[in-house]
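Novice: In terms of the working numbering, the sequence shown is residues 548 to 1052.
No residue lacks a Cβ here, since even glycine has one placed at the ideal position from N, Cα and C.
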Amino acid sequence: MIRALKKKYEIVVLLLLGFFSSLGYAPYNLYFLTIISLLFSLIILEKTFFKKDAFKKGFVFGFSFHISILYWIAISFETANVGGIYFGLFAVIILSIFLSLFTAISFFLIKYFNFQFNNYLGVLSVVTIFSLFDWIKGNILWGFPWIPISSIWTFDESTISIFSIIGIWGYSFVTYSLILGIYSIKYNYKISIFFFSPFIFFFCLANFILKPEIKEIDDLLIRLVQPNIKQEDKWDIEKTEKNLSTLINLSNKSSDKEIDLIIWPETAVAYNIEKSKKKNDFLISKLNNFNNLILGSIRRDFKDEQNLIYNSLFLIQDKFKRIQHHDKLKLVPFGEYIPFRGFLNKRQLTLGGLDFTVGDKIKILKLNDKVKILPLICYEVIFPNISRKKSNNYNILVNITNDAWYGKSRGPYQHLELSKIRAVLEGKYLIRVANTGISAIINHNGTVENHLKLTQSGIIDKELVLTKKNTLYSKLGETFFFSALLLSFLIIIFNLNRRSGNKHE
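What follows is the structure, encoded as structure tokens:
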């Protein structure tokens, strides 16, 4: 009876810990709650005797965390009229269950190998397991690196700067090392200092020791246009002209200087600009400042007897005489395509409609001889690997997005924080233009210099001095993470083999 009550009590506590852990992420950024919640979950794990109980407890903690932080995905199903809010909630529950399995497996493995928190090997093993499954969770299947534990550090320029050295997953490794360093202080202060020290080392390295060369490239006067068009109005044919007028009126607001570049959000124009000369002529006649315009639109193509649809970003110059485009590479599952559609269609489990087509490759857009743009559509901003090898070929990032799908939830705020990380990783300005917010100008240090709030209509004019900060990450990528992981595995395997050999002697 007492044991059953204790188990129920632990389940309730783990549910609460999972929820509080989610508050360390945007928009609350109460990072200490994430750390404290993980510390208390380790106390419960350490007191757990059976491996299957460790799995269950890890699952409960993980499920509470994931559903608390990703609930906003359900809103998009209702907004997009894809099954409604109930289907959206079902999808979030399934996603949370899937992601929670990685937390459960982590807890299980720690118990299975009986790793202890009072020695170096045990603590290193726990750090390695948590870091590995954090990485797997962000990269499995189509990839969803939305909530790495390292993203709790975006609240301040001094802590976000570490991303520029060791990247997202390296920072996650260091974060788990910090948490385990705090936890192990009750056993041995030397172990605690050892695992706490990587965070201190990289913090000092990023803020006081490394002084990357920052080169000025060019001046650029840009205008960000946030129309705040409701999602249900966006694709309403009867409101196409009204929506376009909203964008044009904001773009035509007076300026003391000539605007070099105007940027509209994702799918700002509800027609195929490559095939609509009449509508393009209308744009030309109405826009006062038409030097260079970036906008999102649908692009259609016909290949191999197939009608292909792309979610695209266009750079329009010289009144449509020169057009460059980038087709989105990272499509949103269930939003822009249905995963496993062929399998599901056979069982009549999918809705109608066409999937968007994945773009061929990343394209660098040339504004002029000096200014070269990396185009990013929506959550492509959270995938730094798609462009890292070309980092020397561009000097500004432009991210157009439409977060109207998610209403006034946590989603748009989390998206913004991940955009800040991308700017720091690249060491370049990142210009974020959203339909309903949050549009922002983010510098190479991850600082938001200007922004428009969620559900606000307006513009931002900013004269940028384009710079290039040479970051270690842009050269080495996730080398630190994979090196740390490999070295840790070698140490763990060597010691486990030695321990096994000693038992047989």
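Can you tell me whether K868 is helix, strand or coil according to DSSP?
Specialist: Three-state DSSP puts K868 in coil, outside helix and strand.
Novice: Going by the CB atoms, is the gap between L768 and D807 shorter than 7 Å?
Specialist: Contact: yes.
Novice: Does the Cβ-Cβ distance between V1012 and D703 come in under 7 Å?
Specialist: No, these two residues do not count as a Cβ contact at 7 Å.
Novice: Do you know how far the Cα of D950 is from the Cα of G631?
Specialist: Distance between the alpha carbons of G631 and D950 is about 18 Å.
Novice: Suppose only complete runs of 4+ residues qualify. What are the alpha helix (DSSP H) ranges in the stretch 935-1012, listed by chain order?
Specialist: Those alpha helix (DSSP H) runs which fall completely within the stretch 935-1012 and span 4+ residues are 958-973.
Novice: Within 10 Å of its beta-carbon, does K955 have 16 or more other beta-carbons around it, so buried, or fewer, so exposed?
Specialist: Result: exposed.
Novice: Going by the DSSP bridge assignment, what does D766 pair with across the sheet?
Specialist: According to DSSP, which records beta bridges pairwise, D766 is partnered with V1012.
Novice: Could you give the distance in angstroms between the alpha-carbon of D783 and the alpha-carbon of I863?
Specialist: Rounded to whole angstroms, D783 to I863 spans 25 Å at the Cα level.
Novice: In this structure, does DSSP put Q773 in helix, strand or coil?
Specialist: Reduced to three states, the DSSP call for Q773 is strand.
Novice: Is the CB of N796 under 7 Å away from at least one CB in chain C?
Specialist: Structure shown: chain C not included; a single protein chain is present.
Novice: What is the C-beta distance between S569 and I641, in whole angstroms, given that I count them as a contact (C-beta under 8 Å)?
Specialist: Not a contact, Cβ separation roughly 18 Å.
Novice: Quick one: residues in its chain with C-beta nearer than 7 Å to the C-beta of F691, no 5 flanking neighbours on either side, listed in chain order?
Specialist: Correct list, in chain order: G685.
Novice: Taking 6 Å as the limit between beta carbons, can you name the residues of its chain near G728, skipping five residues before and five after?
Specialist: Excluding sequence neighbours, G728 sits near S739, F742, F743.
Novice: The beta strand (DSSP E) that contains P922, what's its start and end?
Specialist: It spans 919-924 - the beta strand (DSSP E) in which P922 sits, taken as one unbroken run.
Novice: Using the DSSP secondary-structure output, state which residues sit across from R847 in a beta bridge.
Specialist: DSSP output for R847 lists I856 as bridge partner(s).
Novice: For R894, which residues of its own chain have a beta-carbon under 6 Å away from its beta-carbon, when the five flanking residues on both sides are left out?
Specialist: Annotation note: pLDDT 45 at R894 (below 50); position unreliable, no value reported.
Novice: Run the CB neighbour count on F733, radius 10 Å, all protein chains shown included, and call it buried at 16 or more, exposed below.
Specialist: Inspection of the sequence shows that residue 733 is occupied by Lys rather than by Phe. It is exposed - the Cβ of K733 has fewer than 16 other Cβ atoms within 10 Å.
Novice: Looking at the structure shown, is K658 part of a helix, part of a strand, or coil, going by DSSP?
Specialist: Here K658 sits in helix by DSSP.
Novice: Just to confirm, are I707 and V995 a CB contact at a threshold of 7 Å?
Specialist: No.
Novice: From the DSSP output, which residues share a beta bridge with N839?
Specialist: Note: N839 sits in a beta bridge opposite Q864.
Novice: Identify whether V905 lies in helix, strand or coil by the three-state DSSP scheme.
Specialist: V905: coil per DSSP, three-state reduction.
Novice: Identify every run of the alpha helix (DSSP H) within the stretch 609-691, keeping only runs that are complete inside it and at least 4 residues long; order them along the chain.
Specialist: Within the stretch 609-691, the complete alpha helix (DSSP H) runs of at least 4 residues are 620-626, 631-659, 667-686.
Novice: In its own chain, which residues sit with a C-beta less than 7 Å from the C-beta of F837, not counting the 5 before and 5 after it?
Specialist: Cβ neighbours of F837 beyond the five flanking positions: I831, K866.
Novice: Which residue wins for smallest C-alpha separation from G605, given the options L656, I582, T626, S623?
Specialist: Cα-wise, what sits closest to G605 is L656.
Novice: Assign I756 to one of two classes, buried (16 or more other C-beta atoms within 10 Å of its C-beta) or exposed (fewer than that).
Specialist: With fewer than 16 other Cβ atoms within 10 Å, it is exposed.
Novice: Work out the CA separation of K1016 and I810 for me, nearest whole Å.
Specialist: Their Cα atoms are separated by approximately 24 Å.
Novice: Using a 10 Å radius around the Cβ and a threshold of 16 neighbouring Cβ atoms, would you call E813 buried or exposed?
Specialist: Answer is buried; the Cβ neighbour count reaches 16.
Novice: When the Cβ atoms of the stretch 620-627 are set against those of the stretch 653-673, are three or more pairs found closer than 8 Å?
Specialist: As far as the Cβ criterion goes, the stretch 620-627 does not touch the stretch 653-673, which means the pair count is below three.
Novice: My parser needs the alpha helix (DSSP H) runs of 4 or more residues fully inside the stretch 696-741; what are they?
Specialist: With a minimum length of 4 residues, the continuous alpha helix (DSSP H) runs that stay inside the stretch 696-741 are 704-707, 710-730.
Novice: If H991 and G974 are in contact, beta carbons under 8 Å, what's the gap, nearest whole angstrom?
Specialist: Confirmed, Cβ separation roughly 5 Å.
Novice: Do you know offhand how far G609's Cα is from Y730's?
Specialist: Distance between the alpha carbons of G609 and Y730: 19 Å.
Novice: So for I929, helix, strand or coil by DSSP?
Specialist: I929 falls in the helix class under three-state DSSP.
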